[in-house]
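Data block below; observations after.
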Amino acid sequence: MHNLIKTLGLTTLLSLSALAFQGCSSGLEPETFSVELNEQGTYSWSTPVITIRSNVAEPIEVTNVTVNNGQCTYIGHDKQFNFPLHFKMGQVFRLRLRGCSFENVVQVDIETNKGNGSYQFN
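FYI, the numbering for the sequence shown is -20 to -1, 1 to 102, going by mature numbering (1 follows the signal peptide of the UniProt record, and there is no 0).
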């Protein structure tokens, strides 16, 4: 029982650990998306996950996401997917990163039908 509580506590801690980001864009307002970087898993393993949330009322189509200029690959965290991704306000999509660690993620670039945005992590 003690190990279960310890595992659940650590899982919660890892799920809540997030880095702050700064946004800049080319034709896309930085507030269009919230982009978070988290680690999810247990004490024995964890994986970096990027969460993208739409903050705008009008629908928007994400045509590509690039992490660290293409040096980090990803898969859908909850399900398989193909671009474009269609977002309405408040909708979330998660990407599970492969080939790079939580500490190494510096930049996420989002291409949409309304312009491009770049989100930097400190």
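Just so it is clear, CB atoms sit at the ideal spot from N, CA and C, and this is done for glycine as well.
Since we're looking at a predicted model, the values are computed, not measured.
Inter-stretch contact (C-beta, 8 Å, three-pair minimum) for the region 34 to 44 and the region 63 to 80: yes
Three-way DSSP call (helix, strand, coil) for Thr46 in this model: strand
Beta bridge counterpart(s) of Thr12 as assigned by DSSP: None, per the DSSP bridge assignment.
Same chain, Cβ closer than 6 Å to Gln2, neighbours up to 5 away in sequence not counted: Confidence at Gln2 is low in this model, with a pLDDT of 48, below 50, so its placement is unreliable and no value can be given for it.
Three-state secondary structure (DSSP) of Asn18: strand
Per-residue burial, Ser97 [other beta carbons within 10 Å of its own, 16 or more giving buried]: Before going on, a small fix: residue 97 reads as Gly here, not Ser. Flag for Gly97 reads buried.
Through-space distance from Trp25 to Val85, alpha-carbon basis: 18 Å
Whole-angstrom distance between Arg78 and Leu65, CA atom to CA atom: 20 Å
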